[in-house]
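Protein chains in written order, with our numbering: chain H, 724 to 970; chain X, 724 to 970.
Glycine included, every Cβ here is placed at the ideal spot set by N, Cα and C.
None of the values given here were measured: they were computed from a predicted structure.
Scroll down for the structure; my scribbles are underneath it.
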DNA sequence: ATGTTTAAGAACGATAATGATTGATTTCTA
DNA sequence: TAGAAATCAATCATTATCGTTCTTAAACAT
């Protein structure tokens, strides 16, 4: 198989899959790791993709650049699992709140076809949701530049007037005594309100956020169900304090 | 087999296959590698294909020529002029309303560096505005899929609580007796409210919208200043009814 | 018949691509 | 936090491909 053909193949795969492992490509293309690695490096040099430990990631449009530390394929795929599990919890006729952030953003494709209404404070989320033909209500208010999240008093007041069956939140810290925490005070306020307005709340996090404490407290540990990928032994005791789902 | 025949054969194959290996051609044509290589080199010199290591690749299309005919390009440029003039009207400390739609979207780059607050009901607008580091408030509410505009009762109510120094609106129809009109009833309602809440309102339109009437009425002809590119003689009489700026 | 021209194949050193190996680095797991 | 496992970049020998040159053979002109 010609070098060029491999390159096209790799890019095609990335269109559909977001992340690829080197091993995956070795099997599908029948070439050695060395060759695949060389291909990936070349394509990265051409700015066609981003190399990450274990494989490669689709290059993002300059828009929803979350500048996250998505440094390994494994990390990405675990994260994807969390989003998938969360989306699985959504039923027809739910009115859900979708918090801004990349993890909740990843849920959206899995919501396709569900007969639901989504309220969100994420600007990119709103755009994608409507692309998937999902009834979307955007929370109004001031926009934070880095995360493109709607925050501030206007937003808070607007949330007062609505109620959700389920809320799906991103979070920076999850700790038994400090509860759920996040760095930005204003974002914390919005998150807090969304959780209070929701019948049932879920916090989506990868393991790196467990046992972490960030600046601003959002809620107590028992107010939300945690959805994550895999708990270490030490983290198992979180289960004594709140509901946990493992993807 | 004649040289010319081989050449046509190779090009035919490329129509279907995108890439060819030298070996492949050696087998199908029953000639030596040397000959095939000579063929490929010749064809490359004639710009009929691209040589790659191991074979050849179909020549890429002249990279998505802007295919727009001159008329369209000119049209776009006129539109750009309108946006530019509108942006020129914005001063420091203004609190402006930016209606959803492409014409107002085009204003954004020209707002760079101004010390202003922008309220908008356009989701893409909000994203771009924050990229330009402009203080942005997004109106909350239901999102219309096609235009990514925020509309509906929630949005209307939110507009009740704010006031603007200037509002910049897109519009589908401008007519002396019917005033300003647009196809979607809900969008019309939002536009109407924004205009009422604004000290001064501008409607950005290209000539094709003049003397047009759409379904839903937004405002009377004298409520807004029209910003457009060039008026035909017949359209000059609009000036008797409202203020007009020509870009 | 002889020399010229042209296309083709063969030969070969140069260059490029590949896959295996290795030791360093990163990530994972206990 | 230490050791194991996975992944990495760098290197090297092997193989594939390339461009060039040389040779042969047929077509054609003189």
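Reference residue i; option with closest CA among the options
i             : options                       : result
residue 759/X : 843/X, 871/X, 727/X and 854/X : 727/X
residue 777/X : 725/H, 887/H, 744/H and 934/H : 725/H
residue 900/X : 881/X, 888/X and 943/X        : 943/X
residue 772/H : 756/H, 965/H, 840/H and 730/H : 730/H
residue 754/H : 741/H, 876/H, 733/H and 863/H : 733/H
residue 848/X : 817/X, 935/X, 808/X and 892/X : 892/X
residue 807/H : 796/H, 833/H, 861/H and 795/H : 833/H
residue 940/X : 756/X, 917/X, 932/X and 903/X : 903/X
residue 883/H : 905/H, 915/H, 853/H and 749/H : 915/H
residue 936/X : 952/X, 905/X and 951/X        : 905/X
residue 932/H : 783/H, 748/H and 798/H        : 798/H
residue 890/H : 854/H, 775/H, 830/H and 752/H : 830/H
residue 917/X : 961/X, 960/X, 843/X and 928/X : 843/X
residue 816/H : 794/H, 804/H and 839/H        : 839/H
residue 952/H : 927/H, 961/H and 888/H        : 927/H
residue 836/X : 796/X, 852/X and 747/X        : 852/X
residue 818/X : 887/X, 954/X and 938/X        : 887/X
residue 960/X : 919/X, 857/X and 934/X        : 934/X
residue 779/X : 801/X, 861/X, 863/X and 747/X : 747/X
residue 741/X : 801/X, 782/X, 857/X and 874/X : 782/X
Range of the contiguous beta strand (DSSP E) that encloses residue i
i             : result
residue 866/X : 864-867
residue 873/H : 872-874
residue 775/H : 772-775
residue 745/H : Taken as a continuous stretch (DSSP letters only), residue 745/H belongs to no beta strand (DSSP E), being part of the alpha helix (DSSP H) at 745-752.
residue 755/H : Counting along the chain, residue 755/H falls outside any beta strand (DSSP E), and DSSP gives it neither H nor E.
residue 948/H : 948-951
residue 940/H : 939-942
Bounding residues of the alpha helix (DSSP H) (the contiguous stretch that carries residue i)
i             : result
residue 740/H : 726-740
residue 811/H : 796-811
residue 970/H : From DSSP, residue 970/H is part of no alpha helix (DSSP H); its letter is neither H nor E.
residue 915/H : 908-919
Bridge-paired residues (DSSP) for residue i
i             : result
residue 891/H : 821/H and 925/H
residue 878/X : Answer is none; residue 878/X lacks a bridge partner.
residue 977/X : No answer is possible for residue 977/X: it lies beyond the span of chain X, which begins at 724 and ends at 970.
residue 781/H : 772/H
residue 905/H : 939/H
For the 8 angstroms Cβ check, are there 3 or more pairs between the stretch 759-772 of chain H and the stretch 817-824 of chain H? Proximity of the stretch 759-772 of chain H to the stretch 817-824 of chain H falls short of the contact definition, fewer than three beta-carbon pairs being nearer than 8 angstroms.
Is it a yes or a no for the stretch 858-878 of chain H touching the stretch 906-913 of chain H, going by three-plus beta-carbon pairs under 8 angstroms? Contact holds: three or more Cβ-Cβ distances are below 8 angstroms.
Check whether the stretch 922-939 of chain H and the stretch 795-812 of chain H are in contact - that is, three or more C-beta pairs closer than 8 angstroms. The way I'd put it, the stretch 922-939 of chain H does touch the stretch 795-812 of chain H; three or more beta-carbon pairs between them come closer than 8 angstroms.
Please give me, in chain order, every unbroken run of the beta strand (DSSP E) with length at least 3 that falls completely inside the stretch 824-867 of chain H. With a minimum length of 3 residues, the continuous beta strand (DSSP E) runs that stay inside the stretch 824-867 of chain H are 840-843, 858-861 and 864-867.
Can we say the stretch 947-965 of chain H touches the stretch 888-907 of chain H, given the rule of at least three CB pairs closer than 8 angstroms? Below 8 angstroms, enough C-beta pairs join the stretch 947-965 of chain H and the stretch 888-907 of chain H to call them touching: three or more.
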